[in-house]
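Data first, discussion second: the structure below is written as structure tokens.
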Amino acid sequence: MGLLVYGVPLSWDETIKQADYIRSQAVEVEYMLIAYDHKKKIASLSLQQENVLKSTQNLKKKYENLKIQDKSEMTYNDFPSFHYEYASYMIEGIPGNPYGEDIETLLLVEENMKKRRFIIKKYIKSNEIPLTLTSFPRLGAPGVFTDPYYPPRGHVSRSLFLPDEVISSHVRFPTLTKHIRLRRGRKVIINVPIFIDENTPLPFIDEAISLSDTFPFKSVGLLDNIIQPNHIYMDSMCFGMGCCCLQVTFQTADISEARTLYDQLIPMGPIMLSLSAASPAYKGYLSDQDCRWNVISRSVDDRTSEEMGEKPLKKSKYIIQKSRYDSVDCYIADNLRNNPKYNDVKFVMNEEVRKKLIDNGVDELLANHISHLFIRDPLVIFSDLLIQDNKTESGHFENIQSTNWHAMRFKPPPPGTDIGWRVEFRTMEVQLSDFENAAYCIFINLLTRVISLYNLNLYIPISKVDENMDLAHHRTSVLTEKFWFRKNIFSFDSYSPKTVVLCNDDTFDEYKKMTIHEIINGQNSGPDKFPGLSPLIRNYLDTINVSQEVKQILGKYLELIEKRASGEWQTTASWIRSFVRNHPNYQKDSVITQEINYDLIREAEKITNEFGKNEELTKRFL
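Under full-length UniProt numbering, the residue at position 20 of the sequence shown is numbered 20, and the numbers go up by one with no gaps.
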């Protein structure tokens with residue numbers, strides 16, 4: 001998660017004094033550690049991140065020493081890398097080396113994920129598991145939800161519901177938590193709509209709040225003004241950043257390709273968010289949404305009342321429309337297809353930074369993007385890293401860049417390395433099994449190849465992307481909602497393959513609302529024909545030099561995406577909701593009890609271990 005360095009962080013007062021100095025110079029899988037108490041039928045979050053990471057780091061050192069002694073070359077199956085994430089029950093795992101350009105290397109994605117899970121298992125207790133679960137259903141609910149148990153208290157987050165011990169021990173994370181609260185001038189406010197079932201009390205008022213009356217920080221936040229009826233109330237960064245996700249980074253040939261790919265993947269963010277939906281439960285309740293994105297967005301929203309437009313500007317410089325964690329605000333590609341009309345959302349820029357960039361030869365589109373990042377204050381500054389040579393180090397830029405958590409991230413090469421220009425796709429929710437996670441990563445990877453080969457044009461206005469992001473959160477949005485998407489993706493200067501259905505060409509009506517089924521699988525009849533992204537990918541695989549065996553394996557991954565888009569196979573969010581509602585102890589009141597949660601996690605573990613092997617279990621899940 002972002003810039004992880006060690007040192008002494010400055011206090012918030014010291015950080016804000018140095019903010020202008022920083023500005024002026026300036027494929028990841030996340031796991032939850034779960035602990036079982038089988039006698040009491042409790043599944044809780046195991047706060048063992050520190051111990052697991054120490055063990056994996058020691059193992060990696062031994063492995064690297066063996067590689068040096070054997071004088072063998074590094075391979076794609078090299079030892080995975082494990083890192084801190086926000087919560088002390090989370091582990092971030094990435095491949096030891098990036099995957100190569102050859103299509104065949106995609107077959108290593110799932111195997112590498114299995115290796116990562118296997119290594120984590122070696123260093124946890126027999127009653128613990130690493131689970132790729134997007135949101136833990138009972139985080140912050142009354143009763144036990146961590147192992148070991150800690151009561152909800154702490155001076156870092158001042159949460160009514162969570163102990164500070166759920167925050168990672170890495171100094172970056174408690175500092176971020178505290179500084180977001182201090183900069184904002186109040187705690188974060190997260191309200192998620194409750195799922196209204198037959199026996200859900202109306203109006204629904206979050207019961208957990210009344211159970212926290214003795215908490216010493218209850219007065220902080222003016223609860224009467226921030227709790228919404230029929231909503232689940234959360235008040236801490238961990239409710240968002242304690243969710244797990246699936247992120248993919250692509251290295252490109254040069255800056256031009258990176259900017260083009262960045263733009264073309266922006267409209268895919270909401271589509272893949274909906275298609276990967278996996279988080280319908282929060283704080284012991286079923287919610288009326290399926291995704292985590294807006295929960296994280298609100299959990300790190302450090303805007304002051306002035307920046308949110310609630311008060312006139314006095315101390316703050318800008319009115320800022322979005323949280324630091326949100327959708328993208330502008331396209332950046334320097335080509336004719338990036339028509340100014342698509343950048344139809346107003347966003348503020350740091351004009352001093354923008355002028356400096358333009359004066360030094362950076363074009364306006366890229367200068368707008370970077371100067372928009374620099375409207376934010378740095379949240380964590382390490383005293384021993386304050387003075388840097390910005391000609392040889394990029395720490396100050398990364399300080400700002402790494403705390404602008406947008407749906408896409410444009411990543412310049414770090415100085416002094418052979419790493420190129422990269423883009424990071426960030427919206428997808430993590431799935432229960434390695435096969436599913438590999439399928440989503442492989443789909444996006446193949447789509448980037450198709451975008452490049454056919455020179456696809458996916459541009460729609462940014463305002464429509466924002467609208468799609470909101471729609472993606474809706475319950476079963478993958479089936480019930482229609483999303484804005486470009487009608488003719490071969491328009492202008494694209495090459496269109498002859499073996500797929502062409503789009504209608506109407507330059508005066510470039511986009512329309514489509515179902516995700518139509519976007520992914522296509523629409524072959526009627527006046528609004530659309531080729532579908534997956535048929536384009538399959539066509540691409542038919543035209544390149546790759547074996548039939550490889551195509552069949554990749555086809556299995558594509559099938560998962562296609563069938564979830566069509567509704568033939570349900571999303572993880574739908575499965576979780578269905579499991580809870582059909583549990584014999586569920587009272588149709590939206591509440592996920594300890595026993596329901598325990599049984600849910602146990603079943604999720606079975607899916608993780610047996611997906612594709614146990615036919616009955618797989619059918620029950622899908």
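Beta carbons: idealized from backbone N, C-alpha and C, even for Gly.
Within 10 Å of its beta-carbon, does residue i have 16 or more other beta-carbons around it, so buried, or fewer, so exposed?
i: Gly242; result: buried
i: Gln552; result: exposed
i: Tyr149; result: exposed
i: Asp102; result: exposed
i: Thr480; result: exposed
i: Lys619; result: exposed
i: Lys62; result: exposed
i: Lys613; result: exposed
i: Ala258; result: buried
i: Ile400; result: buried
i: Glu28; result: buried
i: Gly532; result: buried
i: Glu615; result: exposed
i: Lys355; result: exposed
i: Asp329; result: buried
i: Lys40; result: exposed
i: Ile119; result: buried
i: Tyr339; result: What sits at residue 339 in the sequence shown is Asn, not Tyr. Counting Cβ neighbours within 10 Å, Asn339 comes out exposed, since fewer than 16 surround it.
i: Ala438; result: buried
i: Gly154; result: buried
i: Pro95; result: buried
i: Glu436; result: buried
i: Glu128; result: buried
i: Thr543; result: exposed
i: Ile419; result: exposed
i: Leu336; result: exposed
Grab the span of the alpha helix (DSSP H) containing residue i for me, first residue to last.
i: Ile451; result: Asp434 to Tyr454
i: Trp484; result: Looking at the DSSP string, Trp484 is not in any alpha helix (DSSP H); the run it does join, the beta strand (DSSP E), is Phe483 to Arg486.
i: Ser477; result: Ser477 to Thr480
i: Lys411; result: Element bounds for Lys411: not the alpha helix (DSSP H) but the beta strand (DSSP E), Met408 to Lys411.
i: Met469; result: Ile462 to Ala472
i: Asn457; result: From DSSP, Asn457 is part of no alpha helix (DSSP H); its letter is neither H nor E.
i: Ser169; result: Per DSSP, Ser169 belongs to no alpha helix (DSSP H) and is neither H nor E.
i: Val109; result: Leu108 to Lys122
i: Ile196; result: First-last for Ile196: undefined, no H or E at that position.
i: Ile576; result: Thr572 to Arg581
i: Ala598; result: Per the sequence shown, the amino acid found at residue 598 is Tyr instead of Ala. Here the alpha helix (DSSP H) through Tyr598 covers Gln594 to Glu610.
i: Phe621; result: Glu615 to Phe621
Using a Cβ cut-off of 8 Å (strictly closer), state whether residue i contacts chain B.
i: Pro148; result: This model lacks chain B altogether; it includes just one protein chain.
Where do the ends of the beta strand (DSSP E) carrying residue i lie?
i: Gly240; result: Counting along the chain, Gly240 falls outside any beta strand (DSSP E), though it belongs to the alpha helix (DSSP H) covering Cys238 to Met241.
i: His83; result: Ser81 to Tyr84
i: Met90; result: Met90 to Ile94
Would you list the residues sitting across from residue i in a DSSP beta bridge?
i: Asn191; result: Tyr233
i: Cys245; result: Glu429
i: Ile34; result: Leu45 and Ile129
i: Arg422; result: Gln251 and Lys411
i: Asp147; result: Ser46
i: Tyr511; result: Arg486
i: Ala87; result: Ile167
i: residue 629; result: Here the chain covers residues 1 to 622 and nothing more, so residue 629 does not appear.
i: Val591; result: Tyr285
Can residue i be considered in contact with the ligand HEM, in the sense that its beta carbon sits closer than 7 Å to one or more heavy atoms?
i: Met268; result: No copy of the ligand HEM occurs in the structure displayed, which carries no ligand at all.
Minimum length 4: unbroken alpha helix (DSSP H) runs contained in the segment 264 to 292: For the segment 264 to 292, whole alpha helix (DSSP H) runs of length 4 or above, ordered along the chain, are 268 to 275.
Given 8 Å, three or more beta-carbon pairs between the segment 302 to 322 and the segment 443 to 460: No, because fewer than three Cβ pairs between the segment 302 to 322 and the segment 443 to 460 fall closer than 8 Å, the two stretches do not touch.
Stretch pair the segment 163 to 170 + the segment 86 to 97: three plus CB contacts closer than 8 Å: Short answer: they touch.
Uninterrupted alpha helix (DSSP H) stretches inside the segment 321 to 406 (no shorter than 4 residues): List check, alpha helix (DSSP H) in window: 351 to 359, 364 to 373 and 395 to 401.
Inter-stretch contact (C-beta, 8 Å, three-pair minimum) for the segment 276 to 290 and the segment 564 to 584: As far as the Cβ criterion goes, the segment 276 to 290 touches the segment 564 to 584, which means the pair count is three or higher.
Unbroken stretches of the beta strand (DSSP E), 3 residues or longer, contained in the segment 514 to 558: Fully enclosed beta strand (DSSP E) runs of 3 or longer: not present.
The segment 133 to 143 touching the segment 48 to 59, judged by at least three CB pairs closer than 8 Å: The segment 133 to 143 and the segment 48 to 59 do not touch, with fewer than 3 CB-CB distances between them shorter than 8 Å.
Cβ contact check for the segment 600 to 610 and the segment 555 to 567: 3 or more pairs under 8 Å: The segment 600 to 610, when compared against the segment 555 to 567, does not touch it at the 8 Å Cβ threshold.
Given 8 Å, three or more beta-carbon pairs between the segment 272 to 284 and the segment 469 to 487: Yes: at least three Cβ pairs fall under 8 Å.
The segment 183 to 199 touching the segment 230 to 247, judged by at least three CB pairs closer than 8 Å: Touching, yes.
The segment 108 to 119 in contact with the segment 414 to 432 per 3-pair CB rule at 8 Å: For the pair of segments examined, the segment 108 to 119 was found not to touch the segment 414 to 432: the number of CB pairs separated by less than 8 Å stays below three.
Touching by the beta-carbon criterion (3+ pairs, under 8 Å), the segment 317 to 327 and the segment 338 to 352: With three or more CB-CB distances shorter than 8 Å, the segment 317 to 327 counts as touching the segment 338 to 352.
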